[in-house]
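Participant: Encoded as structure tokens, here's the structure I'll be asking about.
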Amino acid sequence: MFRERYRPRKDVFYIELIAMAISIAFPYIVKDIIVATIYSFLYPLTLAILGLRKSSLYTLASYALLTLFLIPMAVVFHGDIENVYRFTLVALSTLSIGILILSTLHPTIFRNNIYLYLLAIMLNNTLKEVRDIATVFRAKGEQGLKLYTRIIITSIIITFTKIETLIDSLKARGIEIE
2 MFRERYRPRK DVFYIELIAM AISIAFPYIV KDIIVATIYS FLYPLTLAIL
52 GLRKSSLYTL ASYALLTLFL IPMAVVFHGD IENVYRFTLV ALSTLSIGIL
102 ILSTLHPTIF RNNIYLYLLA IMLNNTLKEV RDIATVFRAK GEQGLKLYTR
152 IIITSIIITF TKIETLIDSL KARGIEIE
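What follows is the structure, given as structure tokens:
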């Protein structure tokens, strides 16, 4: 018997990219906030149906934290609460569809497309660094909100250091970055 080789279906990838574009625009296009909310929660539900339950819980937890942080800030600073809420819906739907796209891509697509491969390596290294930072602060006895605040601040500092290093290396190669 002939062994069938995997051939990635590019049309599915384009459909997923279209879904990404729609997920960004839909909460702002639709006037009714309830319809936008239902639409945005369909993506985490889709992840759960496809068996990506932890990813679905991660997106919902991220959405809850973002909403719990941004809505009170909008109230305190007299911002437009509905616009902030729509922004959190966009964050929920784009994070969900991004996870869906990454989970349905075949590994050969990552290997064949150097930019996706480098992005996957970069995200993996970032995740490892955040885990290492968390381990260090837990070993120092940090707990609760203080632990997560220190992890976030340290991660931001490391990110800025990496950006400065990247800018310096590009300048050394003759590429000017403003």
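Take 2 as the starting number for the sequence shown in the working numbering and just add one per residue.
Here a beta-carbon is modelled for each residue, glycine too, at the ideal position from N, C-alpha and C.
Looking at A92 and Y118, is the spacing between their C-beta atoms short of 8 Å?
Facilitator: The sequence position of residue 118 within the sequence shown is 117, counting from 1. The sequence position of residue 92 within the sequence shown is 91, counting from 1. Not closer than 8 Å, so no.
Participant: Suppose the cutoff is 8 Å on Cβ atoms and the five residues either side in sequence are ignored; what does the same chain contact list for V31 look like?
Facilitator: Here residue 31 refers to the residue found at position 30 of the sequence shown. Result list for V31: A37, Y40, in chain order.
Participant: Helix, strand or coil for F78? Go by DSSP, reduced to three states.
Facilitator: Position 77 of the sequence shown, counted from the first residue, corresponds to residue 78. Note: F78 maps to coil in three-state DSSP.
Participant: Measuring straight from C-alpha to C-alpha, what distance separates K141 and K129?
Facilitator: Along the sequence shown, read from residue 1 onward, the residue named residue 141 stands at position 140. Along the sequence shown, read from residue 1 onward, the residue named residue 129 stands at position 128. The straight-line gap from Cα to Cα measures roughly 19 Å.
Participant: For A49, which residues in the same chain have their Cβ closer than 7 Å to its Cβ, ignoring the five residues on either side in sequence?
Facilitator: Within the sequence shown, the letter at position 48 stands for residue 49. Cβ within range, chain order: S57.
Participant: Here's a check: name, in chain order, each residue in its chain whose Cβ is nearer than 8 Å to the Cβ of L148, leaving out the five neighbours to either side.
Facilitator: In the sequence shown, the residue the question calls residue 148 occupies position 147. Contacts found: A135, F138, R139.
Participant: With a CB to CB cut of under 8 Å and the five nearest residues on each side skipped, what residues in its chain are close to M21?
Facilitator: Here residue 21 corresponds to residue number 20 of the sequence shown, with the count starting at 1. Counting only Cβ-Cβ distances below 8 Å, and skipping sequence neighbours, we find T95, I98, G99, I102.
Participant: Please work out which residues of its chain come closer than 6 Å, Cβ to Cβ, to Y44, disregarding the five sequence neighbours upstream and downstream, and give them in chain order.
Facilitator: By 1-based counting over the sequence shown, the position of residue 44 is 43. Here the set comprises S94, S97, I98.
Participant: With DSSP as the reference, label K172 as helix, strand or coil.
Facilitator: By one-based count along the sequence shown, residue 172 stands at place 171. Here K172 sits in helix by DSSP.
Participant: Could you check what DSSP says for N84 in three-state terms: helix, strand or coil?
Facilitator: To locate residue 84, count along the sequence shown from 1; it is residue 83. Of the three classes helix, strand and coil, the one that applies to N84 here is helix, per DSSP.
Participant: How is F3 classed by DSSP in three states: helix, strand or coil?
Facilitator: Indexing the sequence shown from 1 puts residue 3 at position 2. Per-residue confidence for F3 stands at a pLDDT of 45, beneath the threshold of 50, marking its modelled position as unreliable; the derived number appears in the next sentence. In the structure shown, F3 sits in coil (DSSP, three-state: anything other than H, G, I, E or B).
Participant: Below 7 Å CB to CB, which residues in the same chain sit around L146 once its five sequence neighbours on both sides are set aside?
Facilitator: Indexing the sequence shown from 1 puts residue 146 at position 145. If we look at L146 and ignore the five residues flanking it on each side, it has no Cβ neighbours.
Participant: Please name the residue in I82, V85, S104 whose C-alpha comes closest to that of G52.
Facilitator: What you label residue 52 is simply residue 51 of the sequence shown in a count that begins at 1. Here the closest residue by C-alpha is S104.
Participant: Could you give the first and the last residue of the continuous alpha helix (DSSP H) run that contains V36?
Facilitator: For this step, residue 36 is matched to residue 35 along the sequence shown. Element bounds for V36: 34–50.
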